[in-house]
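Q: Just so you know, the protein sequences line up as chains W and A, in that order. Heads up: the first sequence begins at 1 in our numbering, then just goes up one per residue. Heads up: the second sequence begins at 1 in our numbering, then just goes up one per residue. Every residue gets a Cβ at the ideal spot worked out from N, C-alpha and C, and that includes glycine. This one's a predicted model, so the numbers in the text were calculated from it and none came from an experiment. Structure provided below as structure tokens; questions to follow.
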Amino acid sequence: MARLNAENTELAKELIGHYPRSKSALIPLLHLAQEQDGFVSDEAMVHIAELVGVTPAEVLGTCSFYEMFKREPVGRYLVNICHGIACALMGAEDLISHAEDTLGVKAGSTTADGAITIERAECQAACTEAPCLQVNYRYRYRVTDDDFDALVTQLRAGALDGEIPPHGTLARPAFRQHIPDDRRNGPALVEGGGEPVWIKRHREMKEGEAAEAQGTAS
Amino acid sequence: MSDTSPDRIPQIVTGRLAAHDDAHTIARYEATGGYAGLRAALELAPDDVTAQVKEASLLGRGGAGFPAGVKWGFCPPGVWPRYLVVNGDESEPGTYKDRILMERDPHQLIEGILIACYAIGCAQAFLYCRGEMALAHERLGAALNEAYAAGYIGKNILGTDYSIDVVLHWGAGAYIVGEETALIESLEGNRGMPRLKPPFFPAAKGLYLQPTVVNNVETLSNLPWIMTNGAEAFHALGAETSRGTRLFAVSGHVENPGVHEVEFGTTTFRDLIYGHCGGIREGRDLKAFVPGGASSPWFFEEHLDLPLETKAVGNAGSMLGSGAIVVMDSETDVVKASRTLVRFFAVESCGKCTPCREGTTWMERILDRIIAGQGRASDVDLLLDVCDNISPELTWPPKQTTICPLGPSAPPSVASIVRRFPEEFERYLGTSFEVTVPMKGAAYVPKPDTAAAGASGSSGESPS
Numbered sequence: 001m002a003r004l005n006a007e008n009t010e011l012a013k014e015l016i017g018h019y020p021r022s023k024s025a026l027i028p029l030l031h032l033a034q035e036q037d038g039f040v041s042d043e044a045m046v047h048i049a050e051l052v053g054v055t056p057a058e059v060l061g062t063c064s065f066y067e068m069f070k071r072e073p074v075g076r077y078l079v080n081i082c083h084g085i086a087c088a089l090m091g092a093e094d095l096i097s098h099a100e101d102t103l104g105v106k107a108g109s110t111t112a113d114g115a116i117t118i119e120r121a122e123c124q125a126a127c128t129e130a131p132c133l134q135v136n137y138r139y140r141y142r143v144t145d146d147d148f149d150a151l152v153t154q155l156r157a158g159a160l161d162g163e164i165p166p167h168g169t170l171a172r173p174a175f176r177q178h179i180p181d182d183r184r185n186g187p188a189l190v191e192g193g194g195e196p197v198w199i200k201r202h203r204e205m206k207e208g209e210a211a212e213a214q215g216t217a218s
Numbered sequence: 001m002s003d004t005s006p007d008r009i010p011q012i013v014t015g016r017l018a019a020h021d022d023a024h025t026i027a028r029y030e031a032t033g034g035y036a037g038l039r040a041a042l043e044l045a046p047d048d049v050t051a052q053v054k055e056a057s058l059l060g061r062g063g064a065g066f067p068a069g070v071k072w073g074f075c076p077p078g079v080w081p082r083y084l085v086v087n088g089d090e091s092e093p094g095t096y097k098d099r100i101l102m103e104r105d106p107h108q109l110i111e112g113i114l115i116a117c118y119a120i121g122c123a124q125a126f127l128y129c130r131g132e133m134a135l136a137h138e139r140l141g142a143a144l145n146e147a148y149a150a151g152y153i154g155k156n157i158l159g160t161d162y163s164i165d166v167v168l169h170w171g172a173g174a175y176i177v178g179e180e181t182a183l184i185e186s187l188e189g190n191r192g193m194p195r196l197k198p199p200f201f202p203a204a205k206g207l208y209l210q211p212t213v214v215n216n217v218e219t220l221s222n223l224p225w226i227m228t229n230g231a232e233a234f235h236a237l238g239a240e241t242s243r244g245t246r247l248f249a250v251s252g253h254v255e256n257p258g259v260h261e262v263e264f265g266t267t268t269f270r271d272l273i274y275g276h277c278g279g280i281r282e283g284r285d286l287k288a289f290v291p292g293g294a295s296s297p298w299f300f301e302e303h304l305d306l307p308l309e310t311k312a313v314g315n316a317g318s319m320l321g322s323g324a325i326v327v328m329d330s331e332t333d334v335v336k337a338s339r340t341l342v343r344f345f346a347v348e349s350c351g352k353c354t355p356c357r358e359g360t361t362w363m364e365r366i367l368d369r370i371i372a373g374q375g376r377a378s379d380v381d382l383l384l385d386v387c388d389n390i391s392p393e394l395t396w397p398p399k400q401t402t403i404c405p406l407g408p409s410a411p412p413s414v415a416s417i418v419r420r421f422p423e424e425f426e427r428y429l430g431t432s433f434e435v436t437v438p439m440k441g442a443a444y445v446p447k448p449d450t451a452a453a454g455a456s457g458s459s460g461e462s463p464s
């Protein structure tokens with residue numbers, strides 16, 4: 001419920017440095033804020049606006065367009081049950097009803113203990129494994145009612161903590177992209193971006209050959 | 001992925017991941033011929049790499065099916081920098097192929113990106129991965145780190161003067177961002193709303209209004225094989241305008257749903273549904289199938305022997321789209337299935353164009369009313385009238401009153417059912433109904449026997 005902490009501020013600056021224009025880093029930075037707090041707070045959006053050089057309203061404008069960004073706290077585990085066409089044909093509506101009955105909340109809300117939020121989700125690209133769901137964006141395939149109950153028990157007992165980080169963390173830190181300084185080419189700035197050297201070399205080679213061929217011909 | 005396809009068909013993009021559980025690591029990738037395609041490309045002039053891809057006739061695998069090499073050639077000469085944006089925002093209902101490639105063979109994609117950027121002359125590439133795919137983020141992040149460390153990406157790649165950064169970018173949940181101009185808006189940090197074309201064809205004015213090529217994950221994943229084995233070997237597979245192999249996800253009511261890499265252009269729907277996937281579950285009959293993602297007009301029994309070939313499917317009034325085949329058996333409530341599809345487009349409409357924003361929402365409401373048993377005899381025509389406002393006359397390919405094709409993606413399921421299964425609407429309505437709105441798409445046809453009897457054939461065209 002706060003601005004980005006010191007470590008994340010550094011990370012934010014690194015991300016901004018990946019792009020020719022800093023506003024491009026908005027979505028990655030909003031993910032970072034959500035990773036820190038579990039949701040995107042107003043304070044974090046103000047901080048991101050400062051880092052990127054846009055207004056807080058512009059940050060909110062982007063944030064509010066995308067389904068994954070939550071501007072209020074959700075459960076530690078966000079369970080998204082797919083109700084797309086392939087899953088619907090394979091019983092997704094029954095699974096959603098079962099989930100609502102089991103947890104005692106409707107899709108779109110959070111259990112009283114703050115552990116689990118359930119949502120209806122659009123197609124998750126696991127259509128051959130229907131019906132499917134995601135827990136904090138980690139897949140569960142061909143889910144039966146019993147599977148769902150077992151999952152809830154495990155989540156509440158913390159049995160999946162190693163496998164499934166809390167809501168907000170997508171790639172775990174060990175798997176984050178980091179461009180090493182000695183290999184980094186740098187962002188391709190729009191201003192002053194000339195012809196790439198390898199393109200230029202081949203063009204000049206070709207032009208040289210053409211000129212030579214013409215010289216030989218005449 | 002496919003274990004039942006004939007031996008002579010190479011598994012171009014899924015061979016490695018089908019054979020090795022650790023195909024995502026650089027060690028396995030290099031041990032199985034990885035990065036040989038990049039080395040081969042660097043031996044050639046950039047223009048010659050483009051020529052190879054054109055010669056291979058590699059069509060884009062994202063949905064529109066445009067030839068990849070030709071697309072690269074649309075960048076205006078002498079305008080720099082150019083960018084490559086990789087479309088990994090797979091979210092078309094029924095589609096499941098790019099995620100497999102990103103999660104299980106990320107280096108193949110990275111190598112494809114490097115080959116494309118070398119040919120086009122890109123100064124930077126952005127790999128836009130759908131937000132909801134956490135494992136893909138991890139696998140791509142790790143693979144990029146490995147490839148940088150090994151000298152395949154970054155400054156002076158493999159000791160040459162070719163240098164480029166590949167930046168992994170995550171989406172955050174929006175189907176519309178799969179549309180290329182919306183993808184670019186999103187990558188600029190904005191709401192993912194499509195841009196009007198013209199003037200904003202990405203090849204001329206894309207990311208930061210610079211020349212930009214947007215290519216799909218599967219498209220790029222084919223490039224290492226093409227560079228290693230030659231354009232000719234690729235062109236020898238497939239038929240007509242559809243060369244190489246293609247990934248198809250077959251889901252719904254089949255015995256064995258799965259993702260299969262098959263020869264493009266020659267394999268038929270029947271081969272996939274009844275061969276690879278074991279037929280309809282519990283020995284039931286086929287009622288209908290979605291041939292190419294939620295946006296495509298439905299196909300039926302009589303279309304089963306069509307080849308998976310772009311032109312043949314287009315002439316029959318539908319499309320292969322994103323390679324998503326969703327099968328419905330005889331027990332399926334098609335009106336509810338249509339509501340599911342329409343709801344998707346209503347939820348995912350970005351709201352920029354009125355016919356789509358309002359139209360898809362009203363379509364969902366009308367279908368809800370019909371399913372709730374409160375429909376009126378005039379509701380089907382009302383539904384079609386809304387469709388007609390989004391996509392005039394329900395032609396195929398669709399006309400549109402909107403900036404992007406999302407809106408016109410909502411009507412096909414409705415038109416398919418009205419023409420093919422009018423009795424299912426009648427059952428909900430408790431009465432027959434009249435239709436005045438034309439449905440001109442070639443796939444919007446009644447059952448063949450009823451057509452022969454001359455019933456209700458006023459507005460459709462026969463399949464060609």
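Do residue 407/A and residue 353/A have their C-beta atoms closer together than 8 Å?
A: Within the second sequence, residue 407/A is the residue found at index 407, counting from 1. Within the second sequence, residue 353/A is the residue found at index 353, counting from 1. Contact flag set, yes.
Q: Alpha carbons only, please: which of 336/A, 377/A and 363/A is nearest the one belonging to residue 371/A?
A: Numbered from 1 along the second sequence, position 371 holds the residue referred to as residue 371/A. Comparing Cα-Cα distances from residue 371/A to each of 336/A, 377/A and 363/A, the minimum goes to 336/A.
Q: Quick check on the DSSP output: what are the complete alpha helix (DSSP H) runs of length 4 or more inside the region 24 to 71 of chain A, in order along the chain?
A: Here the runs fully enclosed are 26 to 31, 36 to 43 and 46 to 56.
Q: Can you pull the chain W residues whose beta carbon is under 7 Å from the beta carbon of residue 469/A, in chain order?
A: Outside the displayed range of chain A (1 to 464) lies residue 469/A, so it cannot be described from this structure.
Q: Going along the chain, which residues of its own chain have a beta-carbon closer than 7 Å to the beta-carbon of residue 53/W, five neighbours each way excluded?
A: On the first sequence, residue 53/W is found 53 positions in, with the first residue counted as 1. 22.
Q: By the DSSP assignment, the alpha helix (DSSP H) with residue 326/A in it spans what residues?
A: Locating residue 326/A in the second sequence gives position 326, where the first residue counts as 1. Run containing residue 326/A: none in the alpha helix (DSSP H); it sits in the beta strand (DSSP E), 324 to 329.
Q: Find the nearest neighbour of residue 433/A within the set 376/A, 189/A, 387/A and 396/A, judged by alpha-carbon distance.
A: By 1-based counting over the second sequence, the position of residue 433/A is 433. The shortest C-alpha separation from residue 433/A is found at 376/A.
Q: Check for me: the beta strand (DSSP E) holding residue 229/A runs from which residue to which?
A: Residue mapping note: residue 229/A aligns to position 229 of the second sequence, counting from 1. Not the beta strand (DSSP E): residue 229/A falls in the alpha helix (DSSP H), residues 223 to 229.
Q: Pick out the complete beta strand (DSSP E) segments inside the region 119 to 179 of chain W, 3 residues or longer, and give them in chain order.
A: List check, beta strand (DSSP E) in window: 133 to 135 and 138 to 140.
Q: How many whole angstroms separate the CB atoms of residue 197/W and residue 161/A, which I take to be in contact at a CB cut-off of 8 Å?
A: The residue given as residue 197/W occupies position 197 in the first sequence. The residue given as residue 161/A occupies position 161 in the second sequence. That pair is a contact at about 5 Å.
Q: Can you look up residue 216/A in the DSSP assignment and give me helix, strand or coil?
A: Walking along the second sequence from the start, residue 216/A turns up at place 216. In the structure shown, residue 216/A sits in a strand (DSSP, three-state: E or B).
Q: What in chain W is Cβ-close to residue 399/A, meaning under 7 Å?
A: Here residue 399/A is taken as the residue at index 399 of the second sequence, counted from 1. Simply none; closest approach about 24 Å.
Q: Can you tell me which of the three DSSP states residue 210/A falls into?
A: The residue labelled residue 210/A in the question sits at position 210 within the second sequence. In this structure, residue 210/A counts as coil in the three-state DSSP scheme.
Q: Cα-Cα, which of 99/A, 142/A, 186/A and 85/A is closest to residue 61/W?
A: Locating residue 61/W in the first sequence gives position 61, counting from the first residue. Checked all of 99/A, 142/A, 186/A and 85/A; the closest Cα to residue 61/W is 186/A.
Q: Could you tell me which chain A residues have their CB closer than 8 Å to the CB of residue 8/W, listed as they occur along the chain?
A: Within the first sequence, residue 8/W is the residue found at index 8, counting from 1. Per Cβ cutoff of 8 Å: no residues; residue 8/W is ~16 Å from chain A at best.
Q: Quick one, which residues of the region 147 to 172 of chain A are near chain W if we go by CB-CB under 8 Å, in chain order?
A: Listed by position, the residues of the region 147 to 172 of chain A near chain W (Cβ gap below 8 Å) are 148, 149, 151, 153, 154, 155, 160, 161, 162, 163, 164, 165, 167, 168, 169, 170, 171 and 172.
Q: Can you give me the start and stop residues for the beta strand (DSSP E) that residue 261/A sits inside?
A: The residue you call residue 261/A lines up with position 261 of the second sequence. Its beta strand (DSSP E) spans residues 258 to 263.
Q: Fully enclosed by the region 74 to 127 of chain A, which beta strand (DSSP E) runs are 3 residues long or longer?
A: Runs found: 82 to 88.
Q: Please tell me whether residue 81/W has its Cβ less than 8 Å away from any Cβ of chain A.
A: Position 81 of the first sequence, counted from the first residue, corresponds to residue 81/W. Cβ-Cβ to chain A under 8 Å: no for residue 81/W.
Q: What is the rounded straight-line gap between the Cα of residue 119/W and the Cα of residue 33/A?
A: Here residue 119/W is taken as the residue at index 119 of the first sequence, counted from 1. Here residue 33/A is taken as the residue at index 33 of the second sequence, counted from 1. Near 43 Å, if we compare the C-alpha coordinates of residue 33/A and residue 119/W.
Q: Of the residues 16/A, 108/A and 201/A, which one's Cα is nearest the Cα of residue 536/A?
A: The question about residue 536/A has no answer here: the residues shown for chain A are numbered 1 through 464.
Q: Under 8 Å, Cβ to Cβ, is there at least one residue of chain A near residue 175/W?
A: Mapped onto the first sequence, residue 175/W falls at position 175. Residue 175/W counts as touching chain A.
Q: Can you name the start and end residues of the alpha helix (DSSP H) that residue 428/A belongs to?
A: Stepping through the second sequence from its first residue, residue 428/A is reached at position 428. Segment 422 to 429, the alpha helix (DSSP H) holding residue 428/A.
Q: Is there contact here, the region 147 to 162 of chain A with the region 101 to 116 of chain A, by at least three beta-carbon pairs under 8 Å?
A: Result yes; three or more Cβ-Cβ pairs closer than 8 Å.
Q: Could you give the distance in angstroms between the alpha-carbon of residue 459/A and the alpha-carbon of residue 367/A?
A: In the second sequence, the residue the question calls residue 459/A occupies position 459. In the second sequence, the residue the question calls residue 367/A occupies position 367. Note on residue 459/A: pLDDT 42, under 50, position unreliable in the model; the coordinate value appears next. Roughly 22 Å separates the two Cα atoms.
Q: For residue 236/A and residue 386/A, I'd like the C-alpha separation in whole angstroms.
A: As a working note, residue 236/A is residue 236 in the second sequence. As a working note, residue 386/A is residue 386 in the second sequence. Rounded to the nearest angstrom, the two C-alpha atoms are 45 Å apart.
Q: May I ask you to report which of helix, strand or coil DSSP gives residue 405/A?
A: For this step, residue 405/A is matched to residue 405 along the second sequence. Three-state DSSP puts residue 405/A in coil, outside helix and strand.
Q: Quick one: give me the first and last residue of the alpha helix (DSSP H) that residue 340/A is part of.
A: Counting from one through the second sequence, the residue named residue 340/A turns up at place 340. 334 to 348 is the extent of the alpha helix (DSSP H) around residue 340/A.
Q: Using only the alpha-carbon positions, how far apart do residue 25/A and residue 396/A sit?
A: As a working note, residue 25/A is residue 25 in the second sequence. As a working note, residue 396/A is residue 396 in the second sequence. So the alpha carbons of these two residues sit roughly 44 Å apart.
Q: Per DSSP, what kind of secondary structure is residue 1/A in: helix, strand or coil?
A: Here residue 1/A refers to the residue found at position 1 of the second sequence. Here the model assigns residue 1/A a pLDDT of 47, short of 50, so the residue's position is not dependable, and the following value carries that caveat. Reduced to three states, the DSSP call for residue 1/A is coil.
Q: Please report whether the beta-carbon of residue 204/W lies at a distance below 8 Å from any beta-carbon of chain A.
A: On the first sequence, residue 204/W is found 204 positions in, with the first residue counted as 1. Not closer than 8 Å to any Cβ of chain A, the Cβ of residue 204/W fails to qualify, so no.
Q: Just checking my contact of residue 80/A with residue 123/A at CB under 8 Å: how many whole Å lie between their CB atoms?
A: By one-based count along the second sequence, residue 80/A stands at place 80. By one-based count along the second sequence, residue 123/A stands at place 123. Yes, they are in contact, since the Cβ atoms of residue 80/A and residue 123/A sit about 7 Å apart, within 8 Å.
Q: For residue 165/A, write down the residues that DSSP places opposite it in a beta bridge.
A: In the second sequence, the residue the question calls residue 165/A occupies position 165. Answer by DSSP bridge pairing, in chain order: 124/A.
Q: Can you pull the chain A neighbours of residue 194/W, defined as C-beta to C-beta under 7 Å?
A: Position 194 of the first sequence, counting from 1, holds the residue named residue 194/W. Under the 7 Å cutoff, chain A gives 80.
Q: Under the three-state reduction of DSSP, which class applies to residue 175/A: helix, strand or coil?
A: By 1-based counting over the second sequence, the position of residue 175/A is 175. Helix at residue 175/A.
Q: Since residue 230/A and residue 255/A should fall inside the 8 Å C-beta cutoff, what is the C-beta to C-beta distance between them, to a whole number of angstroms?
A: Sequence index remark: in the second sequence, residue 230/A carries index 230 (1-based). Sequence index remark: in the second sequence, residue 255/A carries index 255 (1-based). Not a contact, Cβ separation roughly 38 Å.
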